[in-house]
Amino acid sequence: MSIPFSRSFDDLLSASFSSSSSSESLAAAPRAALPDNWQLPVEELSMWTEFRVLFLTSAAHTSASLLNGFGAPETGDELTASAGVFQDSSELLGSAGSDPAWQGPAAQSYDERNIEQQNRTNQMALLDTELANLLQTQAAQVTELRNSMYVITGTLAAAWPVAWQLYVQPIAGPAVSKWFQIGTAIAVLGADIGLQTEQGFRSQQTGAAMEKLAASYTQFDHAAQTLSPLH
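Heads up: the sequence shown begins at 366 in our numbering, then just goes up one per residue.
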């Protein structure tokens, strides 16, 4: 039993050749409605070429941000706690004087040594406090620098859509977008250089102060060994 078809095989074959001929005719037809110099936007648009200033500025800014380190900066909390321990020890030594009933050279020597130990603990508390203050100051400077760099990062991120809008707007165009990118790069890199230079100067000052404190620790250690009752 045959199944009836609404169209014969010859009709389908004829329609296929007709469709192929029509496609070839459309493909061969000239693009009379388009300008001679027209090209696809995808072909003429190069993200790297048109926005390379922002690309390079972003890379340089990211590299500068990495110089600031990671994680929370040291704030000297352990040194502050250590200074508190020395202060408590000094108070204990202050109350550990000889009994008034104890007289003689031994009692006098004991009181002298006790005062020496009390002075040592006071000096250690002072040195630890000074070093803790330096670390707190440096931590505040690093945090301030990072926050400033974050603001610059946000400004640089906001410059991308602006540069793109200037590029695609007929009233502005690629030239205006390029000048905007150059202006953004000058502002961003200038701010980066200024901040990093300032932080470098601060770090140099902090380093010099820490070296001075280290020398004080060493000097104090030698003096303590000289005054030790064990010698």
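Quick reminder that beta carbons are idealized off the backbone N, C-alpha and C, glycines included.
Near Ser581, what residues of its chain come up, given a Cβ to Cβ distance below 7 Å and the 5 sequence neighbours on each side ignored? What you label residue 581 is simply residue 216 of the sequence shown in a count that begins at 1. Closer than 7 Å at Cβ, skipping near neighbours: Leu492.
Please list the terminal residues of the continuous alpha helix (DSSP H) segment that includes Trp525. Counting from 1 along the sequence shown, the entry for residue 525 is found at position 160. Element bounds for Trp525: 470-533.
Please report how far the alpha carbon of Gly559 lies from the alpha carbon of Arg478, in whole angstroms. Locating residue 559 in the sequence shown gives position 194, counting from the first residue. Locating residue 478 in the sequence shown gives position 113, counting from the first residue. Rounded to whole angstroms, Gly559 to Arg478 spans 54 Å at the Cα level.
With a threshold of 8 Å, are at least 3 pairs of Cβ atoms found where one atom belongs to the segment 495-505 and the other to the segment 430-450? yes
Across the segment 518-527 and the segment 447-463, are there enough close Cβ pairs to call them in contact, namely three or more that are closer than 8 Å? no
Ala579 by DSSP, collapsed to three states: which one? Against the sequence shown, residue 579 aligns to sequence position 214. Helix.
With the cut-off set at 8 Å, would you say Leu431 and Leu496 are in Cβ contact? Walking along the sequence shown from the start, residue 431 turns up at place 66. Walking along the sequence shown from the start, residue 496 turns up at place 131. Going by C-beta atoms, Leu431 is not nearer than 8 Å to Leu496.
In angstroms with no decimal places, state the Cα-to-Cα distance between Gln570 and Leu578. The count along the sequence shown starts at 1 and reaches residue 570 at position 205. The count along the sequence shown starts at 1 and reaches residue 578 at position 213. Their backbone Cα atoms lie some 13 Å apart in a straight line.
Could you give the DSSP three-state label for Ile536: helix, strand or coil? Sequence index remark: in the sequence shown, residue 536 carries index 171 (1-based). Three-state result, Ile536: coil.
Less than 6 Å between C-beta atoms, sequence neighbours within five positions excluded: which residues of the same chain meet that for Arg511? If you number the sequence shown from 1, residue 511 lands on position 146. So the list reads Asn433, once near-sequence residues are dropped.
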